[in-house]
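Peer 1: In the numbering used here, the protein residues as written are 1 to 342. Cβ atoms here follow ideal geometry from the backbone N, Cα and C, with glycine treated the same way. Have a look at this one.
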Ligand code: MRU
């Protein structure tokens, strides 16, 4: 099962509708740029590496719509830009679109072939970074069975397959080195309780869902050996944007003296962004915080503050792991070695 797929017979981008999980497993087809942008913005599809694939296939959607509706080259360019910019924080969305746009002149088949390659490379990257991350964690903790805390969803739903932080969890489980996972529920849209818990249950991995507010206490009480999170954008100095609440987990880990690990494919490393201060943090509708399931949870007129991501400074990160290896940032390290092949 994949969260993102191209259906060649239907000539459409097909996505698992993650807004309906875990209650309902259904797929949506995107045949227009409006469909793609709507799916990205409503979080039908989400997670940085999955958005990379959507960026690439979204260009193919735009090209097919351009032929059907006889768009000018400028109109097509504008629609590709809409796909690329549908959400601002995860660098992968623009990266995926930018990877295929040089092939547009060669036709939609060439764009689709490149998008398929991107998918295959992302899966391979996830599996490799999972092995590297599991090795690092077992060596650093000196333990042969670890208790892991994770935040948001970083499994196959958030990627092309397997997962990043959750890929490491799967790798630890496969090695018999995983005791328990604390899955933060992830306010306000519950990617942790709805999606991570669903994935862990399918794999038969032992887990507990906890409210985000419990994370620091669980860590300080000594119930966790390592926290592993994913990333939406890793700046050149190692500062990392991820789901809101991640930096609180990192602070608690630093205080408790346990490792805080960031896991991502190298496509999430953005050398063009110098530090976390340069990362555009998506601000979502405050109503996602002041209401739940369409029912108000705050007084009428209450305004919500709803940044979707935060930035964890590199000094709070013990290891950044990609398929190319790991760096242990100290605030002045560059993460360039995680992008440029040695
Ligand atoms: O708003 P979301 O659900 O797209 O946020 C996702 C995250 O923050 C993930 O941790 C990140 O994209 C990494 S997914 C492997």
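Just curious, the beta strand (DSSP E) that residue 242 is in, first and last residue?
Peer 2: Run containing residue 242: 240 to 243, per the beta strand (DSSP E) assignment.
Peer 1: Report buried or exposed for residue 230, applying the criterion of at least 16 other Cβ atoms within 10 angstroms of its Cβ.
Peer 2: Flag for residue 230 reads buried.
Peer 1: Give the secondary structure of residue 30 by DSSP, where H, G and I count as helix, E and B as strand, and everything else as coil.
Peer 2: Residue 30: strand per DSSP, three-state reduction.
Peer 1: From the DSSP output, in three-state form, read off residue 265 for me.
Peer 2: DSSP places residue 265 in coil when its eight states are reduced to three.
Peer 1: Scan the region 121 to 199 and note each continuous alpha helix (DSSP H) run of 4 residues or more that stays entirely inside, going in chain order.
Peer 2: Taking only runs of at least 4 residues, the alpha helix (DSSP H) segments lying wholly in the region 121 to 199 are 165 to 174.
Peer 1: Taking C-beta to C-beta, are residue 398 and residue 83 nearer than 7 Å?
Peer 2: The structure shown has nothing for residue 398, since the chain only spans 1 to 342.
Peer 1: Would you call the CB atoms of residue 253 and residue 228 closer than 7 Å?
Peer 2: For residue 253 and residue 228, no; Cβs fall outside 7 Å.
Peer 1: Just to check my reading of the structure: residue 234 and residue 269 have Cβ atoms closer than 8 Å, yes? What is that Cβ distance to the nearest angstrom?
Peer 2: With a Cβ gap of about 5 Å, residue 234 and residue 269 count as contacting.
Peer 1: Along the chain, where does the beta strand (DSSP E) that runs through residue 322 open and close?
Peer 2: Residues 319 to 322.
Peer 1: Quick check: residue 192 and residue 201, are their CB atoms within less than 7 Å of each other?
Peer 2: It is not a contact, given that the beta carbons lie outside the stated cut-off.
Peer 1: Near residue 242, what residues of its chain come up, given a Cβ to Cβ distance below 8 Å and the 5 sequence neighbours on each side ignored?
Peer 2: Excluding residues within five positions, the ones whose Cβ falls inside 8 Å are 151, 152, 229, 230, 231, 232, 262, 309, 310 and 312.
Peer 1: For residue 5, name the three-state secondary structure that DSSP assigns.
Peer 2: In this structure, residue 5 counts as strand in the three-state DSSP scheme.
Peer 1: Ends of the beta strand (DSSP E) at residue 325?
Peer 2: Run containing residue 325: 325 to 327, per the beta strand (DSSP E) assignment.
Peer 1: May I ask you to report which of helix, strand or coil DSSP gives residue 232?
Peer 2: The answer is coil: DSSP assigns residue 232 none of H, G, I, E or B.
Peer 1: Less than 6 Å between the CB of residue 191 and some heavy atom of the ligand MRU, yes or no?
Peer 2: Residue 191: yes, Cβ under 6 Å from the ligand MRU.
Peer 1: Under 8 Å Cβ to Cβ from residue 45, same chain only, skipping five residues before and after it: list those, please.
Peer 2: Correct list, in chain order: 3, 4, 15, 16, 18, 39, 51 and 54.
Peer 1: Keeping to the same chain, check which residues put their C-beta closer than 6 Å to that of residue 250; ignore five residues upstream and five downstream.
Peer 2: Cβ neighbours of residue 250 beyond the five flanking positions: 260, 312 and 316.
Peer 1: Please classify residue 65 as buried or exposed, where buried requires at least 16 neighbouring CB atoms within 10 angstroms.
Peer 2: Looking at its Cβ environment, which holds 16 or more other Cβ atoms inside 10 Å, residue 65 is buried.
Peer 1: According to DSSP, is residue 18 part of a helix, a strand, or is it coil?
Peer 2: Of the three classes helix, strand and coil, the one that applies to residue 18 here is coil, per DSSP.
Peer 1: Going by alpha carbons, who is nearest to residue 22 out of 28, 197, 141 and 49?
Peer 2: Ranking the options by Cα distance to residue 22, first place goes to 197.
Peer 1: Rounded to the nearest angstrom, how far is the Cβ of residue 76 from that of residue 86, given a contact under 8 Å?
Peer 2: Between residue 86 and residue 76 the Cβ distance is about 16 Å, and since that is not below 8 Å, they are no contact.
Peer 1: Does DSSP put residue 12 in a helix, in a strand, or in coil?
Peer 2: Correct three-state label for residue 12: strand.
Peer 1: Indicate whether the contact test is met: 3 or more Cβ pairs, each with one atom in the region 164 to 183 and one in the region 135 to 145, closer than 8 Å.
Peer 2: Yes, the region 164 to 183 touches the region 135 to 145.
Peer 1: Hey, is residue 66 close to the ligand MRU, as in C-beta under 6 Å from one of its heavy atoms?
Peer 2: Result no, Cβ not under 6 Å from the ligand MRU.
Peer 1: Only counting the same chain, and skipping five residues up and downstream in sequence, which positions put a Cβ closer than 8 Å to that of residue 1?
Peer 2: Excluding residues within five positions, the ones whose Cβ falls inside 8 Å are 16 and 156.
Peer 1: Could you give the distance in angstroms between the alpha-carbon of residue 314 and the alpha-carbon of residue 320?
Peer 2: Distance between the alpha carbons of residue 314 and residue 320: 9 Å.
Peer 1: According to the neighbour-count rule (16 or more other Cβ atoms, all chains shown, within 10 Å of its Cβ), is residue 326 buried or exposed?
Peer 2: So residue 326 ends up on the buried side.
Peer 1: According to DSSP, is residue 59 part of a helix, a strand, or is it coil?
Peer 2: Looking at residue 59 - three-state DSSP - the assignment turns out to be helix.
Peer 1: Would the beta-carbon of residue 125 fall within 7 Å of that of residue 265?
Peer 2: Taking 7 Å as the Cβ cut-off, residue 125 and residue 265 qualify as a contacting pair.
Peer 1: Taking C-alpha atoms, which residue in 318, 208 and 245 lies nearest to residue 258?
Peer 2: Per the Cα distances, 318.
Peer 1: To the nearest angstrom, report how far apart residue 68 and residue 43 are at their CA atoms.
Peer 2: Spanning the two alpha carbons is a distance of roughly 27 Å.
Peer 1: Since residue 291 sits in a beta bridge, which residues does DSSP pair it with?
Peer 2: According to DSSP, which records beta bridges pairwise, residue 291 is partnered with 296.
Peer 1: Is the closest heavy atom of the ligand MRU to the C-beta of residue 109 under 6 Å?
Peer 2: False, no ligand heavy atom lies under 6 Å from that Cβ.
Peer 1: Quick check on the burial criterion: 16 or more other C-beta atoms within 10 angstroms. Buried or exposed for residue 342?
Peer 2: Bear in mind that a pLDDT of 47 at residue 342, under 50, signals an unreliable position, so the model cannot answer this.
Peer 1: For a test of the three-state rule: what should DSSP assign to residue 259, helix, strand or coil?
Peer 2: DSSP places residue 259 in coil when its eight states are reduced to three.
Peer 1: Does residue 227 come out as helix, strand or coil in the three-state DSSP assignment?
Peer 2: Three-state DSSP puts residue 227 in a strand.
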